[in-house]
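Chains as they are written, first to last, in the numbering used here: chain A, 10 to 276; chain B, -4 to 255. Beta carbons are placed, not taken as given, at the ideal position from N, Cα and C, and that holds for glycine. All of these numbers come straight from a predicted model, not from anything done at the bench. Just below is one structure, and these are the notes that go with it.
Structure representation (structure tokens):
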């Protein structure tokens, strides 16, 4: 049997739905308006489309995706980002576990981590190039450099703030440190892990693009720099647009992963 | 009567940043089989320290602890410990929560699991074993925590302010509930509390500790002379207020001194 809904509730739900729809439509309208304005101003030559590009030209570049090698560049950037993301996240969590395990070591490394964390990692670019060579490796190292320290600090902080009472409870059952780690600390920090995934996917992309700015012969970062140098603003704008879409897709997959993990583990 | 727990000349000193703190000083007492003993005292008198020492969670400075005549060092196999909060693991279902202790001690097998299942059946948790802690009421959660502790068949159960996180109404019900289970299973228990009436309603004896450094000031024997004693019918007994007044006076002498 369906429950009877009062008229007030119907009205409330209707209003809520209408407001949501209104916000969504307005958001779309703003985008459409902006694109149309850009296009019109460029056509009327109020703005110089050589410098600003224009939506129709971006669209054309997109259409010719496979012929102008754009697809290859997208694949390169995605690949580098995913590898950098995986290395940065896994290595970061492993190091955080080690530091949690050894209080002495964690105290020693603390000031170094803090300094490394506030250092702009892009500054390490030239050093990385000299050390690992100008290529894909350098780009991945850059992505790892950007996400690693944050991952360590955030996860270590999460581990150290695990509910003390839960640990005490486990200790009353003579629980070993390994078991405390796997049965209490890690399950308690699932949301910390997911948070680092969310932050890291963005940071890895930043690392990869700045790496590509410096060294690469392929990738969206390379296209942006190249397009800027030869004044092909269509290419620059298209690359930026794709980069935006790529970022959304990557973040979206993390959100899906989060949903899945929470469903399985019930945190 | 057989002494389950015996504490001899127990002292604990903490090394603080600025000075040494003597938390408890020369404590001697015992708990007999099947007895329910409470420890009360002004806040900061080292009540909880006492339990941590008996459980082996902290190292004692001086003294000896015997359980069934065996001297205890480190974390004891024979002690069950219930903390202030139920400390159920939110990501495990109720059955896995009750099996947690057995699991980490490597004692989980068909026989021990059956023992837990029996407890779950007996104390009406069996219908909830596939649920998660967040779906249970405070009283139910506390009962699950008790079964988790009883699963390892402790020789003595330590209760560290085990009910103080509950609201008053739930608390009265839960103490009744837990008391019934403890008596049913003939569990020997030592409880630390700051609640005088809770101590009177549950205990056979009450140990009063002095202000820090905690020493035993006096030991009260509580005897209501009622058949099928429960915490609730103790509270209704005319002697209850008599016990309450004398214990309250004993404790408040310290509070008074604080003001001077």
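Measuring alpha carbon to alpha carbon, tell me which of A:36, A:48 and A:22 ends up nearest residue 68 (chain A).
-> Within the first chain, numbered from 1, the residue matching residue 68 (chain A) stands at position 59. The residue among A:36, A:48 and A:22 with its C-alpha nearest the C-alpha of residue 68 (chain A) is A:48.
Between the segment 93 to 127 of chain B and chain A, which residues of the former have CB atoms less than 9 Å from a CB of the latter, in chain order?
-> Near chain A, meaning a CB-to-CB distance below 9 Å, the residues of the segment 93 to 127 of chain B are 95, 96, 97, 98, 99, 100 and 127.
Reduced DSSP secondary structure (H/G/I, E/B, other) of residue 130 (chain B) | Reading the second chain from its first residue, position 135 is the one you call residue 130 (chain B). Residue state, collapsed to three classes: helix.
Straight-line Cα distance separating residue 134 (chain B) from residue 156 (chain B) = Indexing the second chain from 1 puts residue 156 (chain B) at position 161. Indexing the second chain from 1 puts residue 134 (chain B) at position 139. When rounded, the separation of the alpha-carbon atoms in residue 156 (chain B) and residue 134 (chain B) is 15 Å.
Taking the CB atoms as reference points, tell me whether residue 142 (chain B) and residue 114 (chain B) lie closer together than 7 Å.
-> As a first step, residue 142 (chain B) is located in the second chain; it is residue number 147 there, counting from the start. As a first step, residue 114 (chain B) is located in the second chain; it is residue number 119 there, counting from the start. Result yes, Cβ atoms of residue 142 (chain B) and residue 114 (chain B) sit closer than 7 Å.
Quick one: what does DSSP say residue 6 (chain B) is sitting in, helix, strand or coil?
-> Residue 6 (chain B) sits at position 11 when you count from the first residue of the second chain. Strand.
Contact residues within the segment 151 to 183 of chain A, judged by C-beta distance below 9 Å to chain B = With the criterion set as a beta carbon lying under 9 Å from some beta carbon of chain B, the members of the segment 151 to 183 of chain A are 172, 174, 175, 177, 178, 179, 180, 181, 182 and 183, in sequence order.
List the residues of chain A whose Cβ lies closer than 8 Å to the Cβ of residue 72 (chain B), in chain order.
-> Locating residue 72 (chain B) in the second chain gives position 77, counting from the first residue. Listed along the chain, the chain A residues whose CB falls inside 8 Å of the CB of residue 72 (chain B) are 183.
According to DSSP, residues forming a beta bridge with residue 32 (chain B) = To locate residue 32 (chain B), count along the second chain from 1; it is residue 37. Answer is B:185 and B:200.
Can at least three beta-carbon pairs, one atom from the segment 48 to 66 of chain B and one from the segment 106 to 125 of chain B, be found at a separation below 8 Å?
-> Here the segment 48 to 66 of chain B makes no contact with the segment 106 to 125 of chain B; the two share fewer than three CB pairs at distances below 8 Å.
Among A:17, A:41, A:86 and A:40, nearest to residue 233 (chain A) - alpha-carbon criterion | Locating residue 233 (chain A) in the first chain gives position 224, where the first residue counts as 1. Comparing C-alpha distances from residue 233 (chain A) to each of A:17, A:41, A:86 and A:40 shows the shortest one belongs to A:86.
CA-CA distance, residue 38 (chain A) and residue 29 (chain A)?
-> Within the first chain, the letter at position 29 stands for residue 38 (chain A). Within the first chain, the letter at position 20 stands for residue 29 (chain A). Cα-Cα distance, rounded: 14 Å.
Cα-Cα separation between residue 110 (chain A) and residue 91 (chain A), rounded to whole angstroms = Position 101 of the first chain, counting from 1, holds the residue named residue 110 (chain A). Position 82 of the first chain, counting from 1, holds the residue named residue 91 (chain A). Answer to the nearest angstrom: the Cα atoms are 28 Å apart.
Use the C-beta contact count for residue 46 (chain A): other C-beta atoms within 10 angstroms, 16 or more gives buried, fewer gives exposed.
-> Looking up residue 46 (chain A) in the first chain gives position 37. With fewer than 16 other Cβ atoms within 10 Å, it is exposed.
Should residue 80 (chain B) be flagged as near chain A, meaning a C-beta pair shorter than 7 Å?
-> Within the second chain, residue 80 (chain B) is the residue found at index 85, counting from 1. With respect to chain A, the C-beta atom of residue 80 (chain B) has a partner C-beta closer than 7 Å.
With a cut-off of 8 Å, do at least 3 Cβ pairs link the segment 152 to 169 of chain B to the segment 182 to 189 of chain B?
-> The answer is yes - the segment 182 to 189 of chain B touches the segment 152 to 169 of chain B, with three or more Cβ pairs under 8 Å.
Going along chain A in order, which residues have a C-beta closer than 8 Å to the C-beta of residue 151 (chain B)?
-> Position 156 of the second chain holds residue 151 (chain B). Within chain A, no residue has its beta carbon less than 8 Å from that of residue 151 (chain B); the closest one is some 12 Å off.
Do you know whose CA, among A:229, A:57, A:137 and A:273, lies nearest residue 253 (chain A)'s CA?
-> Translated into positions along the first chain, residue 253 (chain A) becomes position 244. For residue 253 (chain A), the nearest C-alpha among the options comes from A:229.
Helix, strand or coil at residue 118 (chain B) [DSSP, three-state] | Residue mapping note: residue 118 (chain B) aligns to position 123 of the second chain, counting from 1. Here residue 118 (chain B) sits in coil by DSSP.
The segment 31 to 43 of chain B contacting the segment 191 to 210 of chain B, beta-carbon criterion three pairs below 8 Å = Segment contact: the segment 31 to 43 of chain B against the segment 191 to 210 of chain B, three or more CB-CB distances shorter than 8 Å; contact assigned.
What in chain B is Cβ-close to residue 274 (chain A), meaning under 8 Å?
-> The residue labelled residue 274 (chain A) in the question sits at position 265 within the first chain. Residues of chain B passing the Cβ test: 86.
Tell me where the alpha helix (DSSP H) around residue 166 (chain A) begins and ends.
-> For this step, residue 166 (chain A) is matched to residue 157 along the first chain. It spans 145 to 169 - the alpha helix (DSSP H) in which residue 166 (chain A) sits, taken as one unbroken run.
Residue range of the beta strand (DSSP E) that residue 24 (chain B) falls in?
-> By one-based count along the second chain, residue 24 (chain B) stands at place 29. The continuous beta strand (DSSP E) containing residue 24 (chain B) extends over residues 15 to 27.
Chain B beta carbons: is any one of them nearer than 7 Å to that of residue 116 (chain A)?
-> The sequence position of residue 116 (chain A) within the first chain is 107, counting from 1. No - not a single Cβ of chain B is within 7 Å of the one on residue 116 (chain A).
Roughly how many angstroms separate the alpha carbons of residue 213 (chain B) and residue 246 (chain B), rounded to a whole number?
-> Working through the second chain from its first residue, we reach residue 213 (chain B) at position 218. Working through the second chain from its first residue, we reach residue 246 (chain B) at position 251. Straight-line Cα distance between these residues: approximately 11 Å.
DSSP puts residue 248 (chain A) in a beta bridge; with which residues?
-> Along the first chain, one-based indexing puts residue 248 (chain A) at 239. Note: residue 248 (chain A) sits in no beta bridge, so no partner.
Can you tell me the Cα-Cα spacing of residue 159 (chain A) and residue 189 (chain A), whole angstroms?
-> Translated into positions along the first chain, residue 159 (chain A) becomes position 150. Translated into positions along the first chain, residue 189 (chain A) becomes position 180. Taken atom to atom, the span from the alpha-carbon of residue 159 (chain A) to that of residue 189 (chain A) is near 24 Å.
For residue 237 (chain B), the nearest candidate out of B:248, B:215, B:225 and B:222 (CA to CA) | Counting from 1 along the second chain, the entry for residue 237 (chain B) is found at position 242. Minimum Cα distance to residue 237 (chain B) is reached at B:215.
Kindly say whether residue 186 (chain A), judged by its beta-carbon, lies nearer than 7 Å to any beta-carbon of chain B.
-> Along the first chain, read from residue 1 onward, the residue named residue 186 (chain A) stands at position 177. Not one chain B Cβ lies under 7 Å of residue 186 (chain A).
Are the C-beta atoms of residue 146 (chain B) and some chain A residue less than 7 Å apart?
-> Residue mapping note: residue 146 (chain B) aligns to position 151 of the second chain, counting from 1. Not one chain A Cβ lies under 7 Å of residue 146 (chain B).
Under 7 Å by beta carbon: chain B residues contacting residue 278 (chain A) | Any property of residue 278 (chain A) remains undetermined from this structure, which presents chain A solely from 10 to 276.
Quick one: what's got a C-beta closer than 8 Å to residue 74 (chain A)'s C-beta in the same chain, skipping five residues either side?
-> In the first chain, counting from the first residue as 1, residue 74 (chain A) sits at position 65. Cβ neighbours of residue 74 (chain A) beyond the five flanking positions: 80.
Might you give, ordered along the chain, the residues of its own chain that have their beta carbon closer than 7 Å to the beta carbon of residue 133 (chain A), omitting 5 neighbours on each side?
-> Here the question's residue 133 (chain A) lines up with position 124 in the first chain. By the criterion of a C-beta distance shorter than 7 Å, residue 133 (chain A) is surrounded in its chain by 154, once the five residues flanking it on both sides are discounted.
Any Cβ of chain A within less than 7 Å of the Cβ of residue 52 (chain B)?
-> Within the second chain, numbered from 1, the residue matching residue 52 (chain B) stands at position 57. Taking Cβ atoms only, chain A reaches closer than 7 Å to residue 52 (chain B), which makes this a yes.
Are at least three pairs of beta-carbons, each pair with one atom in the segment 83 to 93 of chain B and one in the segment 14 to 31 of chain B, less than 8 Å apart?
-> Segments in contact, no.
Short CB-CB distance (under 7 Å) between residue 129 (chain A) and chain B | Locating residue 129 (chain A) in the first chain gives position 120, where the first residue counts as 1. With 7 Å as the cut-off, residue 129 (chain A) does not count as an interface residue toward chain B.
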